[in-house]
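Structure first, then comments.
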Amino acid sequence: MKFVISVAIACAIVLITLFVGLDRLSADPSTEQLNADLAAVHSEIARAEADRTAVSGGAIENLFTARIEILRTTAAMLEQKRSSMLRRIDLAYTVDGERAAPNSEAVASIEREIKVASAERDRMQAEAARYSGGLIQTMALLNAATTEVSIAQLNQAKLAEQYGFYFRFSVEPAEPLQPIGQSIVDNDGDAL
Numbered sequence: 000m001k002f003v004i005s006v007a008i009a010c011a012i013v014l015i016t017l018f019v020g021l022d023r024l025s026a027d028p029s030t031e032q033l034n035a036d037l038a039a040v041h042s043e044i045a046r047a048e049a050d051r052t053a054v055s056g057g058a059i060e061n062l063f064t065a066r067i068e069i070l071r072t073t074a075a076m077l078e079q080k081r082s083s084m085l086r087r088i089d090l091a092y093t094v095d096g097e098r099a100a101p102n103s104e105a106v107a108s109i110e111r112e113i114k115v116a117s118a119e120r121d122r123m124q125a126e127a128a129r130y131s132g133g134l135i136q137t138m139a140l141l142n143a144a145t146t147e148v149s150i151a152q153l154n155q156a157k158l159a160e161q162y163g164f165y166f167r168f169s170v171e172p173a174e175p176l177q178p179i180g181q182s183i184v185d186n187d188g189d190a191l
């Protein structure tokens, strides 16, 4: 009887060690990192909603709404990943027979773009703060809100790349675009 119990305990220890070891070998970011990213996105949503209540109507409010929806989509993406990790489901995308995997170079490139966009947003917000109202302040605030949408999209792209999500697409036009009722002039002699 003692032998059976000791074999069962040994098997349990081996299985737990194997389970923990395989978990550590996983290429996915840790649950703690995922939870931190999710918390950051939720705080960004709260900040964007507070910013949206400060304005009333118009294009600026619409840009805040677009930003909030991008952030909610990002949060949903991260919550899916978190649920899959907790339930031990391999949430991965396969495109053209290859598994989409995190790309640290792409993440670093996106982070550089975020820094540039953040600096531009800060510059535009400082420009808006110079005025107490009027068209110039409105345009500066509109530009800052547009940059905030871009930053939200870049953050979503960074997190998608970091966690191995795949939602890239490319559209190549079949023929050059031209205005309706006009033709493209290839030869200067045909211009007249």
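114 is the number that numbering that gives the first Met the number 0 gives to position 115 of the sequence shown; each next residue is one higher, with no gaps.
Glycine included, every Cβ here is placed at the ideal spot set by N, Cα and C.
The structure presented is a predicted model; accordingly, all values stated were derived computationally and were not measured.
Terminal residues of the alpha helix (DSSP H) in which residue i lies
i: residue 102; result: Neither: residue 102 is in no alpha helix (DSSP H) and is coded neither H nor E.
i: residue 42; result: 30-53
i: residue 149; result: 133-162
Separation of residue j from residue i, as counted between CA atoms
i: residue 151; j: residue 4; result: 56 angstroms
i: residue 1; j: residue 12; result: 16 angstroms
i: residue 141; j: residue 58; result: 7 angstroms
i: residue 203; j: residue 39; result: Limits of the chain in this structure are 0 at one end and 191 at the other, which puts residue 203 out of reach.
i: residue 29; j: residue 107; result: 19 angstroms
i: residue 35; j: residue 60; result: 28 angstroms
i: residue 41; j: residue 129; result: 30 angstroms
i: residue 78; j: residue 133; result: 42 angstroms
i: residue 115; j: residue 83; result: 33 angstroms
i: residue 74; j: residue 136; result: 32 angstroms
i: residue 159; j: residue 15; result: 31 angstroms
i: residue 149; j: residue 96; result: 31 angstroms
contact_flag[the region 95-107, the region 156-166] where n(CB pairs < 8 angstroms) is 3 or more: Touching, yes.
The region 43-59 in contact with the region 116-124 per 3-pair CB rule at 8 angstroms: Counting Cβ pairs under 8 angstroms, fewer than three are found: no touch.
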